[in-house]
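Here the structure comes first, spelled out in C-alpha cells, and everything after it is commentary.
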Amino acid sequence: MGPLAALWTLLVPALLGGVVASEVIPHVSECSLCFHCNVDTKPPPVLPSDLVPENFQPKNVTHKQKLPICHTCRGCTVHLTLHGSSGQKKLFNTWFRDEVGASPSWLFVAPTDKTPNRKAIVKVACIPVGKHARHKFAMCHPDLALKYAKIYLAIEKLAENCGLTDIIPKIWVDWVDAVIPEVGYHIRWLGLWMEMVEGISLENLVRLGNPMMHPDDLLDILHNKVNHTQTVRAALFDLLTSQNDRHAQNIFINGDGSIRLIDNERAFFENRHLAADSILLPTTKKYTINVMENAWIHKFANWGDKVPMCWANVALLFDYRCYVKDGRMGAALPPDVSQCVAKIAGSSPQAVMDDYGMPYLVMAEALFNRSKALHEHGFEYALTEGYPRNPNPWRYKFTPPCCKIKHTDTYRCAHDWSPDTAIPFGDAITGGPWKHERKDPGTYEGGTVF
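As C-alpha cells, this is what we get:
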C-alpha cells in the first residue's frame, strides 16, 4: 500500500464520521416543529392510571416553542395522514367523495395491526392549531376528551360482552407521538383510535353520488342488499346504550350490505336530558321526522295551518319492525344480548360503573336500568316505559312501519300506510314546556299514549 493509499485509509473513517456527526437526526422532542418524522419507536402500553385529563393535552408547551424547527426528525411512533385526503371511493358502481365533516377537531388516518383493514381513524383533542389557516382551533377540554374516551371504552367492552362487535368499529385509546402532515406540529399525548369503517354513510348514499344514484337502484340496495339482521341488532345497540344522536350520517353501509354505526359517544344519558334519539328507534324525534315533515315536528312558526304530509323517507327501511316476527321484538333478543343484559340486570349500578369504567354513576344507572327493562319486559317496553326516558315533548306515538318504498314523483310507501300525525305538547326544540305566544300544535301528553 502506497503512502497516499495509507493516508486515504486513515482519513476515510474520520471523514465519514464527520459526515455522520453533521447529519445526526434530532429527536422529535428536540424540535419545535418537524415536517418529516421517522417512525422508529413503539408507544408504551396505556395503563389505567394513564386515563387522566393531563394525558389528553400537550405538555411543556413553552419549552417546545423555544426549540429549533427541524426538517427531519426521529422518534415518532406512527405516521399520520389527514382524514379525507384520499378523495373519492367507488361503491355500488357510483363514485362518492370522502366524508370529512365540518368539525374543527383534527381527524387522522394511521396504520395499525389491530383492525382487519390495518387502518384506524385517530381523533386527538386539544391540538392548538387550526385545520385551515383562517379557522380557529377547537377549544381544549381534556376533561371532556377523557369522558368520551371512557364512554367509547365502555361501549367497546359492552359490544364484546353482548356479541355486538359486528355493528360498531373497534375502539381503543393509545399514545400518539407524531407530527401533523404539512404543519409539523408535534402531537405527544393520548388519542382515541377507532377502526376505519369501510363504505359510505346512508346520507351520502342517498344524496351525494356522482352521478346521483337512480331511485330504483337506491331502493334495490336498501330493500335487498342491506343486511337487515344487522338493522335489528343496530336498534338493540342504540336502545341498550341510549344513543341520542343517530342520524343518516353515522350509519355506514358497505358494498357487501353490512352496516356499521359510528360516532357513538352520545350515549348512556351522558347529557342527563336526552335518553334516546335515533332514526332506528320508533317513538323518538329523529325517527318521527322521517315520517312527517321536519317543520311540523319542530313546530316552526311559519308552519301555518297546513296539513302535515307523510313522505316515506328511505331511512324508514331501517325500521327493525320490518324484520322481526309480527313487527315486535319483545323478549326475543339474540342469545348473546339476552345473556349480557341478564348479567347486567343482576348486578348494580355501582358494579356496572366499576366493571365498564363509566365516568359517572348516572351513566351506569342508564345501562343498568335499560338492561333490566330489556331482560324483564322486552324491547318495546324498554323503548317506551323503561329508564332513562326522554322529556315528554320528545316521546312520540308509534307510527306504522313502512317496509316497502317506491319512487314516483317522490319516495312513497308501497303499501297502505296512514300514520297519525298528532304530536306531543311542548317545545320540540328544547324538550321543555311550550312558552311561545302562538298556540301549541301538540294534542297529547307525550309518553301517555303510544
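Numbering-wise, the sequence shown is residues -21 to -1, 1 to 429 according to mature numbering (1 follows the signal peptide of the UniProt record, and there is no 0). Note that CB positions come from ideal geometry on N, CA and C, so glycine has one too.
| request: State yes or no: is the C-beta of G170 within less than 8 Å of the C-beta of D196? | output: As a first step, residue 170 must be located in the sequence shown, where it is residue number 191. As a first step, residue 196 must be located in the sequence shown, where it is residue number 217. When the beta-carbon positions are compared, G170 and D196 stay at least 8 Å from each other.
| task | Tell me, please, whether the stretch 242 to 250 touches the stretch 219 to 229 by the rule of three or more beta-carbon pairs shorter than 8 Å. | result | Taking 8 Å as the limit for Cβ pairs, the verdict is that the stretch 219 to 229 does touch the stretch 242 to 250.
| How about V18 and H58: do their beta carbons lie closer than 8 Å? | Taking the first residue of the sequence shown as position 1, residue 18 is located at position 39. Taking the first residue of the sequence shown as position 1, residue 58 is located at position 79. Taking C-beta atoms as the reference points, V18 and H58 count as a pair closer than 8 Å.
| task | Measure the CB-CB distance between A255 and D217 and report whether it falls below 8 Å. | result | As a working note, residue 255 is residue 276 in the sequence shown. As a working note, residue 217 is residue 238 in the sequence shown. For A255 and D217, yes; Cβs fall inside 8 Å.
| Under 8 Å, do A401 and T427 count as touching if we go by C-beta distance? | As a working note, residue 401 is residue 422 in the sequence shown. As a working note, residue 427 is residue 448 in the sequence shown. No, Cβ-Cβ distance for A401 and T427 is not below 8 Å.
| field | Contact under 8 Å by Cβ, E174 with P190 | value | In the sequence shown, counting from the first residue as 1, residue 174 sits at position 195. In the sequence shown, counting from the first residue as 1, residue 190 sits at position 211. For the pair E174 and P190, the CB atoms are not nearer than the 8 Å cut-off.
| Apart from the five residues just before and just after E249, which ones in its own chain have a Cβ nearer than 7 Å to its Cβ? | On the sequence shown, position 270 is the one that residue 249 refers to. Once the five neighbours on either side are set aside, the close Cβ partners of E249 are I130 and M342.
| field | DSSP state of Y423 mapped onto helix, strand, coil | value | Numbered from its first residue, the sequence shown carries residue 423 at position 444. Three-state result, Y423: strand.
| field | Segment contact flag, the stretch 31 to 49 with the stretch 82 to 99, C-beta cutoff 8 Å, min 3 pairs | value | The stretch 31 to 49, when compared against the stretch 82 to 99, does not touch it at the 8 Å Cβ threshold.
| task | Output the boundary residues of the alpha helix (DSSP H) element that contains A286. | result | Indexing the sequence shown from 1 puts residue 286 at position 307. Just to set this straight, residue 286 is Val in the shown sequence, not Ala. First-last for V286: undefined, no H or E at that position.
| task | Check each candidate in T91, V108, T220 and I106 and name the one with the smallest Cα separation from I100. | result | Here residue 100 is taken as the residue at index 121 of the sequence shown, counted from 1. Distances from the alpha-carbon of I100 to those of T91, V108, T220 and I106 put T91 closest.
| E336 and N371: beta carbons closer than 8 Å? | Within the sequence shown, numbered from 1, the residue matching residue 336 stands at position 357. Within the sequence shown, numbered from 1, the residue matching residue 371 stands at position 392. In the sequence on display, residue 336 carries Gly and not Glu. No, these two residues do not count as a Cβ contact at 8 Å.
| query | Fully enclosed by the stretch 147 to 207, which beta strand (DSSP E) runs are 3 residues long or longer? | reply | Contiguous beta strand (DSSP E) elements confined to the stretch 147 to 207 occur at 150 to 158 and 165 to 174, taking only those with 3 or more residues.
| request: Below 7 Å CB to CB, which residues in the same chain sit around I408 once its five sequence neighbours on both sides are set aside? | output: Counted from its first residue, the sequence shown places residue 408 at position 429. Counting only residues of its own chain and dropping the five nearest sequence neighbours on each side, I408 has a CB closer than 7 Å to the CB of H277.
| task | Go ahead and pull the three-state DSSP assignment for H42. | result | Looking up residue 42 in the sequence shown gives position 63. Helix.
| task | Label T378 either buried or exposed according to how many other C-beta atoms from any shown protein chain fall within 10 Å of its C-beta, with 16 as the threshold for buried. | result | Numbered from 1 along the sequence shown, position 399 holds the residue referred to as residue 378. So T378 counts as buried.
| query | Count the other CB atoms within 10 Å of the CB of E359; is the residue buried (16 or more) or exposed (fewer)? | reply | Your numbering for residue 359 matches position 380 in the sequence shown. Looking at its Cβ environment, which holds 16 or more other Cβ atoms inside 10 Å, E359 is buried.
| field | Segments assigned beta strand (DSSP E), at least 3 residues, entirely inside the stretch 343 to 421 | value | As for any beta strand (DSSP E) of minimum length 3 sitting wholly inside the stretch 343 to 421, the runs are 384 to 386 and 390 to 392, ordered along the chain.
| task | Could you please give me the residues that DSSP links to T51 through a beta bridge? | result | As a working mapping, residue 51 is identified with position 72 in the sequence shown. Partner(s): H15.
| C-alpha gap between residue 450 and G309, whole angstroms | Residue 450 cannot be examined here, being either before or after the span of the chain that is shown, -21 to 429.
| Which of helix, strand or coil DSSP assigns to R76 | Against the sequence shown, residue 76 aligns to sequence position 97. Correct three-state label for R76: strand.
| said: Quick check on F347: buried or exposed, where buried means 16 or more other Cβ atoms within 10 Å of its Cβ? | reply: For the purposes of this step, residue 347 is taken as the residue at position 368 of the sequence shown. Classification for F347: buried.
| said: Tell me whether the stretch 259 to 275 and the stretch 290 to 303 touch, counting them as touching only if at least three CB pairs, one residue from each stretch, are closer than 8 Å. | reply: Touching, yes.
| DSSP beta-bridge partners of Q67 | To locate residue 67, count along the sequence shown from 1; it is residue 88. Note: Q67 sits in a beta bridge opposite R76.
| query | Is the distance from the Cβ of V221 to the Cβ of P367 below 8 Å? | reply | Translated into positions along the sequence shown, residue 221 becomes position 242. Translated into positions along the sequence shown, residue 367 becomes position 388. Checking the displayed sequence, the identity of residue 221 turns out to be Ser instead of Val. Contact flag set, yes.
| field | Extent of the continuous alpha helix (DSSP H) run through I268 | value | The residue given as residue 268 occupies position 289 in the sequence shown. Run containing I268: K264 to I268, per the alpha helix (DSSP H) assignment.
| message | I need the straight-line Cα distance from G425 to T94, nearest angstrom please. | response | Residue mapping note: residue 425 aligns to position 446 of the sequence shown, counting from 1. Residue mapping note: residue 94 aligns to position 115 of the sequence shown, counting from 1. Taking the straight line joining both Cα atoms gives about 43 Å.
| task | Compute the Euclidean distance between the alpha carbons of G(-5) and F14, then round it to the nearest angstrom. | result | Indexing the sequence shown from 1 puts residue -5 at position 17. Indexing the sequence shown from 1 puts residue 14 at position 35. Confidence at G(-5) is low in this model, with a pLDDT of 39, below 50, so the placement of that residue should be treated as unreliable; the coordinate-derived value is given next. Between the alpha carbons of G(-5) and F14 lies a gap of roughly 26 Å.
| Bounding residues of the alpha helix (DSSP H) (the contiguous stretch that carries L123) | Locating residue 123 in the sequence shown gives position 144, where the first residue counts as 1. Run containing L123: P121 to C141, per the alpha helix (DSSP H) assignment.
| How would you write the range of the alpha helix (DSSP H) that P90 sits in, first residue to last? | Taking the sequence shown and counting its residues from 1, the one referred to as residue 90 is at position 111. Segment W85 to P90 is the beta strand (DSSP E) holding P90; no alpha helix (DSSP H) there.
| request: Please go through the same chain and pick out, in chain order, the residues whose beta-carbon is closer than 6 Å to the beta-carbon of G142, but skip the five residues on each side of it. | output: The residue labelled residue 142 in the question sits at position 163 within the sequence shown. Excluding positions up to five away in sequence, the list reads D315.
| said: Give me the residue from K69, P121, Q67 and F116 with the minimum Cα distance to D29. | reply: The residue labelled residue 29 in the question sits at position 50 within the sequence shown. It is P121.
| said: What does the Cβ neighbour count give for H354, buried or exposed, with the cut at 16 atoms within 10 Å? | reply: Looking up residue 354 in the sequence shown gives position 375. Residue environment: H354 is assigned as buried (16 or more neighbouring CB atoms within 10 Å of its CB, all protein chains considered).
| Looking at F358 and the ligand ZN, is the gap between the Cβ and the nearest heavy atom below 7 Å? | What this structure holds is no ligand at all, so the ligand ZN is not there to describe.
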